[in-house]
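Note that the sequence shown ends on residue 93 in the UniProt record's numbering; no numbers are left out.
The C-beta atom is built at its ideal place from N, Cα and C for all residues, glycine as well.
Here the structure is a predicted model, which means the values were calculated and not measured.
In what follows, a single structure is set out as C-alpha cells and then discussed.
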Amino acid sequence: MAKTDFDDSLDRFNQEADDETEERDVDVRELGRPLPGWYKAVMFGLLIVGLLWICVFYLSMQLYPIPGIGGWNILIGFGLAMIGFLMMSRWGE
C-alpha cells in the first residue's frame, strides 16, 4: 500500500503531539514538588479562624469581632475560610 500525502501529514501531526506530551510531562513533574511545611498550618488556620470569626459574630449578637462594620463580619469570616478552601485545592500528601 502506497503512502499518501494524508499519511505523511498524519505522521507529522502524531510526532508533534508526542513532542508536546513529552514537554508537558516535564512541566507536570516540576509542579508535583512538595509544598512547604507551613502551608498546611496556614490552610487549616484560615479555615478555623474563618469559622471562629463567624461563630463569635453570631454568639456575641453582632457586637464582635469588629463592632463598627456589622454584617461585613460575615463576609470577612467567609473570605478567610474561602482562602483556606482554595489553598486546600493545592494540598496533597
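Next on the checklist: Do residue 46 and residue 84 have their beta-carbon atoms positioned less than 8 angstroms apart in this structure?
Outcome noted: The residue labelled residue 84 in the question sits at position 84 within the sequence shown. The residue labelled residue 46 in the question sits at position 46 within the sequence shown. Taking 8 angstroms as the Cβ cut-off, residue 84 and residue 46 qualify as a contacting pair.
Checklist entry - Given a threshold of 16 other Cβ atoms within 10 Å of its Cβ, counted over all protein chains shown, does residue 14 qualify as buried or as exposed? => result The residue labelled residue 14 in the question sits at position 14 within the sequence shown. Its Cβ having fewer than 16 others within 10 Å, residue 14 is exposed.
Checklist entry - Using CA coordinates, which residue listed in 51, 58, 69 and 88 is at the minimum distance from residue 77? => result If you number the sequence shown from 1, residue 77 lands on position 77. Per the Cα distances, 51.
Next on the checklist: Helix, strand or coil, according to DSSP, for residue 61 in the structure here?
Outcome noted: Here residue 61 is taken as the residue at index 61 of the sequence shown, counted from 1. DSSP places residue 61 in coil when its eight states are reduced to three.
Checklist entry - Considering only C-alpha positions, which residue in the set 39, 11 and 7 is nearest to residue 91? => result Here residue 91 corresponds to residue number 91 of the sequence shown, with the count starting at 1. The option with the nearest alpha carbon to residue 91 is 39.
Checklist entry - Are the beta-carbon atoms belonging to residue 80 and residue 53 less than 8 angstroms from one another? => result Looking up residue 80 in the sequence shown gives position 80. Looking up residue 53 in the sequence shown gives position 53. Closer than 8 angstroms, so yes.
Next on the checklist: My output table needs one value for residue 34: the three-state DSSP class, helix, strand or coil.
Outcome noted: Locating residue 34 in the sequence shown gives position 34, where the first residue counts as 1. Coil, per DSSP.
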